[in-house]
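Take the sequence shown: its letters are residues 1 to 154, numbered as in the UniProt record's numbering.
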Amino acid sequence: MLSDFILEHKTFLLQADAVTWQEAVKKSADLLINVGCALPSYYEAILDAVKEYGPYFVIAPGIAMPHARPEQGALKLGYSLVCLKKPVFFGHKVNDPVDVILCIAAPDKKALNEQAIIEVMTLFDSDKALSGLRNAKTENDLRQIFRISKGENA
């Protein structure tokens with residue numbers, strides 16, 4: 001699952017600094033590149049997609065889910081989470097600024113299973129979980145937020 005992957009592979013940054021949206025996305029993509037889920041070209045593909053389509057992956061107020069097409073450098077399924085100390089602007093008319101970034105690499109459309117999508121929706125649909133992500137400082141904080149969002153006892 002998403003939370004298990006992020007914790008097991010340490011693909012998260014909490015209270016991270018970024019001046020631009022490109023820097024924030026780079027941090028999230030690099031976490032996936034470093035664990036072998038994506039090639040360096042994956043980050044460039046995300047940038048190219050934004051040039052072509054705009055910030056399509058800014059999905060809700062304060063939340064971005066950058067990704068590119070599977071054939072553009074995704075090697076295996078992986079997730080990274082970057083929570084920014086200060087939000088950055090992506091140029092989205094409604095959902096800027098962004099301070100929570102969940103980057104996804106999926107080698108094919110089938111790789112993103114239903115359970116992972118449900119976990120993302122549950123995490124981002126909870127004001128308590130989002131507030132927790134924005135204030136998290138340690139891996140233990142993150143672990144507790146994931147437990148709460150799954151409905152487990154913290």
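From the three backbone atoms N, C-alpha and C, an ideal C-beta is built for every residue, glycine too.
Original post:
Do you know offhand how far V50's Cα is from P97's?
Top reply: Against the sequence shown, residue 50 aligns to sequence position 50. Against the sequence shown, residue 97 aligns to sequence position 97. Answer to the nearest angstrom: the Cα atoms are 16 Å apart.
Original post:
For I63, which beta-bridge partners are listed by DSSP?
Top reply: Your numbering for residue 63 matches position 63 in the sequence shown. Answer is A60 and V100, bridged to I63.
Subject >> Same chain, Cβ closer than 8 Å to L75, neighbours up to 5 away in sequence not counted >> reply: Position 75 of the sequence shown, counted from the start, is the residue given in the question as residue 75. Excluding sequence neighbours, L75 sits near G36, C37, A38, L39, A105 and P107.
**OP:** For A16, I'd like the list of residues in its chain whose CB is within less than 7 Å of its CB, leaving aside the five on either flank, ordered along the chain.
**Re:** The sequence position of residue 16 within the sequence shown is 16, counting from 1. Once the five neighbours on either side are set aside, the close Cβ partners of A16 are K27, V82, C83, L84 and K85.
Original post:
Is it true that the CB of P66 sits closer than 9 Å to the CB of V25?
Top reply: On the sequence shown, residue 25 is found 25 positions in, with the first residue counted as 1. On the sequence shown, residue 66 is found 66 positions in, with the first residue counted as 1. Contact: yes.
Original post:
Start and end of the beta strand (DSSP E) containing L14?
Top reply: The residue labelled residue 14 in the question sits at position 14 within the sequence shown. Start and end: F12 to A16.
Subject >> L142 beta carbon less than 9 Å from that of L7 >> reply: Taking the first residue of the sequence shown as position 1, residue 7 is located at position 7. Taking the first residue of the sequence shown as position 1, residue 142 is located at position 142. It is a contact, given that the beta carbons lie within the stated cut-off.
Original post:
Which residue comes first and which comes last in the alpha helix (DSSP H) that contains V25?
Top reply: For the purposes of this step, residue 25 is taken as residue 25 along the sequence shown, with counting starting at 1. Its alpha helix (DSSP H) spans residues W21 to N34.
Original post:
Which whole-angstrom value is the C-beta distance of G73 and A45, which I expect to be below 8 Å?
Top reply: Looking up residue 73 in the sequence shown gives position 73. Looking up residue 45 in the sequence shown gives position 45. Right, the Cβ-Cβ distance comes to about 6 Å (below 8 Å), so this counts as a contact.
Original post:
Assuming C103 contacts S80 under a Cβ cut-off of 8 Å, what Cβ separation, rounded to an integer in Å, is found between them?
Top reply: The sequence position of residue 103 within the sequence shown is 103, counting from 1. The sequence position of residue 80 within the sequence shown is 80, counting from 1. With a Cβ gap of about 5 Å, C103 and S80 count as contacting.
Original post:
Any idea what DSSP makes of S80, helix, strand or coil?
Top reply: For this step, residue 80 is matched to residue 80 along the sequence shown. Here S80 sits in strand by DSSP.
Subject >> Secondary structure of N153, DSSP reduced to three states >> reply: Your numbering for residue 153 matches position 153 in the sequence shown. Note on N153: pLDDT 47, under 50, position unreliable in the model; no value is reported.
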